[in-house]
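Going by our numbering, 181 is the number at position 178 of the sequence shown; the sequence numbering is gapless.
Backbone N, C-alpha and C fix where the C-beta goes; we use that ideal spot for every residue, glycine too.
Data first, discussion second: the structure below is written as structure tokens.
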Amino acid sequence: MTTTAVTHIASLVTNDPSLGNGTPLGLIQDAAVVIEGDRIVWTGESSKAPATDNVLDAAGRAVIPGFVDSHSHLVFAGDRTEEFNARMSGQPYRAGGIRTTVAATRAATDEELSANVARYLAEALRQGTTTFETKSGYGLTVEDEARALRIAGRHTDEVTYLGAHIVSPDYADDPAGYVDLVTGPMLEACAPHARWIDVFCEQGAFDGDQARAILTAGRAKGLHPRIHANQLSYGPGVQLAVELDAASADHCTHLTDADVDALGQGSTVATLLPGAEFSTRATWPDARRLLDAGATVALSTDCNPGSSFTSSLPFCIALAVRDMGMTPDEAIWSATAGGAAALRRTDIGRITPGARADLVLLDAPSHVHLAYRPGVPLVSEVWRSGERVV
């Protein structure tokens with residue numbers, strides 16, 4: 004296979020603490036990376052790089068792993084501009100706004116939905132995202148949820164069944180009946196097309212008992228749990244996530260000391276979604292509190308048409324540093340290795356031998372510029388699986 008060396012990298016984020024400066028980022032200065040096929044085969048100082056078939060001179064730019072967005076909702080139609088405008092004019096955010104997107108999504112064709120997913124993925128790729136997870140959740144019928152997962156699967160392997168986004172409007176007077184549907188015929192139709200199962204455990208959506216039934220049923224079908232937890236209020240979501248060994252508890256905005264301790268001591272990743280707080284003017288999650296407790300933290304976009312219509316992880320990094328108590332080093336780790344941990348992946352989110360060759364070259368000498376220069380398009384090149392794609 005052809006080999007390529009990327010040389011004269013001002014600062015290389017490897018996310019391997021055994022390399023470079025010994026920090027969690029494993030920073031190597033004046034570095035090089037060698038790619039063979041779709042894998043990283045060597046990292047180190049540029050002066051020591053082995054001979055390769057091709058050489059790309061990074062010319063003093065920083066290189067980071069491709070971003071790993073472990074929480075998005077991209078299979079949808081329509082938008083919710085009016086709702087956003089009303090919210091920015093003083094109306095509070097509530098879970099029920101999802102119904103607007105459900106109606107538009109049900110009315111859309113497969114081709115329209117797939118084109119939307121491709122559009123937002125291309126948008127994210129230009130900003131450095133090389134791996135993403137996405138969910139169903141805007142169909143809420145057996146047929147519409149299954150087709151959403153089939154469409155998502157055309158674009159990613161990280162597909163999540165979220166029939167339990169809200170109680171379907173068709174079951175407004177029978178939430179127990181909807182839980183039976185989600186854990187029965189809908190699960191049967193959706194399980195073959197998904198890796199994960201998720202539930203929105205929140206006032207206005209599903210309570211703790213309902214969430215437990217849904218996640219347990221999904222696990223029995225081979226789907227691993229993740230959960231929307233503690234976004235709008237205190238609740239049982241985080242404790243349930245840890246109890247069921249969910250890969251991630253997502254949002255984690257309203258946490259008790261017991262919640263923080265559980266995340267610090269368990270393997271469930273706390274995935275923080277600052278785009279949602281930005282877009283709803285809600286309380287920011289306290290990342291510092293989680294990190295100090297020893298929790299593994301991921302940063303993701305929560306890209307969706309209602310509460311976080313952004314595909315930009317650089318934007319989320321800047322928010323996390325400015326408003327959530329994270330350092331620039333912690334934020335870049337959480338948007339790369341943290342996202343990989345939330346997907347229980349070891350082949351992405353790092354630049355070390357054996358990892359998939361997902362690289363982002365920045366028009367800056369350091370990853371710190373992602374927070375230092377918010378809103379500036381710093382991504383100059385993106386490589387995914389050893390090929391330049393941007």
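On the three-state DSSP scale, how would you describe residue i?
i       : result
Glu-454 : Not covered by the structure: residue 454. The range shown for the chain is 4 to 393.
Asn-24  : coil
Asn-307 : strand
Val-315 : Note that residue 315 corresponds to Ser in the displayed sequence, not to Val. Of the three classes helix, strand and coil, the one that applies to Ser-315 here is coil, per DSSP.
Cys-255 : coil
Arg-348 : coil
Pro-68  : strand
Trp-45  : strand
Val-105 : helix
Ser-383 : strand
Arg-215 : helix
Ile-354 : coil
Arg-359 : strand
Ile-169 : coil
Val-272 : strand
Leu-322 : helix
Val-263 : helix
Leu-116 : helix
Leu-247 : coil
Leu-128 : helix
Leu-365 : strand
Ser-92  : coil
Arg-122 : helix
Trp-336 : helix
Kindly indicate which residue of the options has the alpha-carbon position closest to the one of residue i.
i       : options                               : result
Asp-295 : Arg-284, Gln-268 and Phe-312          : Gln-268
Ser-236 : His-227, Ala-250, Thr-256 and Leu-247 : Thr-256
Val-382 : Val-16, Ala-52, Asn-24 and Arg-64     : Arg-64
Gln-213 : Asp-177, Met-91 and Pro-53            : Asp-177
Leu-247 : Leu-258, Thr-259 and Ala-220          : Ala-220
Tyr-390 : Pro-380, Ala-285 and Gly-69           : This sequence places Glu at residue 390; Tyr is not what is there. If we check each option's Cα against that of Glu-390, Gly-69 comes out closest.
Val-170 : Ile-67, Pro-377, Val-145 and Gly-207  : Gly-207
Ile-335 : Thr-84, Ala-301 and Cys-193           : Ala-301
Asp-113 : Asp-147, Ala-89, Ala-127 and Phe-87   : Asp-147
Asp-41  : Pro-368, Ile-354 and Met-189          : Ile-354
Val-71  : Pro-380, Pro-356 and Ile-320          : Ile-320
Met-4   : Gly-225, Ile-43 and Val-182           : Ile-43
Val-276 : Asp-264, Val-145, Gly-342 and Pro-95  : The displayed chain sequence assigns Leu, not Val, to residue 276. Comparing Cα-Cα distances from Leu-276 to each of Asp-264, Val-145, Gly-342 and Pro-95, the minimum goes to Gly-342.
Thr-174 : Pro-195, Gly-211, Gly-25 and Thr-144  : It is worth fixing the name first, because residue 174 is Tyr in this sequence and not Thr. Looking at the Cα atoms, Thr-144 is the closest of the given residues.
Asp-262 : Ala-127, Gly-297 and Leu-124          : Gly-297
Arg-215 : Ala-110, Glu-191 and Asp-183          : Asp-183
Who are residue i's beta bridge partners in DSSP?
i       : result
Gln-32  : Ser-14
Ala-298 : Answer is none; Ala-298 lacks a bridge partner.
Val-58  : Ala-8
Ala-220 : The partner list for Ala-220 (beta bridge, DSSP) is empty, contrary to what the question assumes.
Trp-199 : Thr-163 and His-227
Cys-204 : Phe-209 and Ala-232
Ser-75  : Cys-306
Phe-135 : Asp-72
Ile-38  : Thr-7 and Ile-43
Leu-293 : Answer by DSSP bridge pairing: none, since Leu-293 is not bridged.
Leu-184 : Per DSSP, none; premise fails for Leu-184.
Give every residue of the same chain whose Cβ lies closer than 8 Å to the Cβ of residue i, excluding the five residues on either side of it in the sequence, and list them in chain order.
i       : result
Leu-59  : Thr-7, Ala-8, Val-9 and Thr-10
Ala-252 : Arg-229, Ile-230, Ala-232, Asn-233, Gly-240, Val-241, Ala-244, Val-245, Leu-266, Thr-271, Val-272, Ala-273 and Thr-274
Thr-137 : Ser-75, His-76, Leu-77, Val-78, Val-120, Ala-155, His-158, Thr-159, Glu-161, Val-162 and Thr-163
Met-91  : Arg-284
Glu-115 : Ala-80
Ala-62  : His-11
Pro-368 : Ala-13, Ser-14, Gly-63, Arg-64 and Ala-65
Looking at residue i and the ligand SAM, is the gap between the Cβ and the nearest heavy atom below 6 Å?
i       : result
Gly-225 : By its list of ligands, the structure shown contains no ligand whatsoever, and the ligand SAM lies outside what it can speak to.
Enumerate in chain order the residues of its own chain whose CB-to-CB distance from residue i is below 7 Å, with the five nearest sequence positions on each side excluded.
i       : result
Ser-117 : Ile-154 and Arg-157
Phe-281 : Leu-322
Once you ignore the five residues that flank residue i on each side, which residues in its own chain have a CB closer than 6 Å to its CB?
i       : result
Ala-167 : Val-185, Val-202, Phe-209 and Ile-217
Ala-151 : Val-78, Ser-139 and Gly-142
Arg-347 : Ala-250
Asp-82  : Pro-308
Pro-172 : Arg-102
Would you please verify whether the beta carbon of residue i is less than 7 Å from any beta carbon of chain E?
i       : result
Asp-260 : Included in the structure is just one protein chain, with no chain E present.
Segment contact, 8 Å Cβ cut-off, at least three pairs: the segment 9-21 with the segment 358-374:
yes
Check whether the segment 67-84 touches the segment 47-54, taking contact to mean three or more Cβ pairs, one atom from each stretch, closer than 8 Å.
no
I'd like to know if the segment 282-294 and the segment 321-336 are in contact, where contact means that at least 3 CB-CB pairs between them fall below 8 Å.
yes
Check whether the segment 159-175 touches the segment 199-209, counting contact only when three or more Cβ pairs, one atom from each stretch, lie closer than 8 Å.
yes
Segment contact flag, the segment 370-377 with the segment 330-338, C-beta cutoff 8 Å, min 3 pairs
yes
Any 3 or more C-beta pairs closer than 8 Å across the segment 297-316 and the segment 125-137
yes
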